[in-house]
Amino acid sequence: NLLGIYEPVKEKIPEIKDKIILITDDVTTTGSTFNELAKTLLIFGADSVYAAACTATKKKKNIAYKE
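Quick note: to get the working numbering, add 2 to the position in the sequence shown (first position is 1).
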């Protein structure tokens, strides 16, 4: 649902080019926010993008439903 949602402010694009960027968040669940932000920053010229979160949700076990 986040595909294409992020876009930098036009005046800030030169500040992104060739930079190493760290994205931080308080919690990550699926990582889709980090992935979409990183992809956008790389498209607009960032050299590399790293992500860090304080916490992460525990992955649910794959449990088959039985009636």
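Just so it is clear, CB atoms sit at the ideal spot from N, CA and C, and this is done for glycine as well.
Burial of A40 is indicated by the presence of at least 16 other C-beta atoms within 10 angstroms of its C-beta.
Boundaries of the alpha helix (DSSP H) around T42: 34 to 45. Looking at the backbone, the Cα of S50 and that of D20 are separated by about 8 Å. Beta-bridge partners assigned by DSSP to T26: A54.
DSSP places I7 in the coil class of the three-state scheme, outside both helix and strand.
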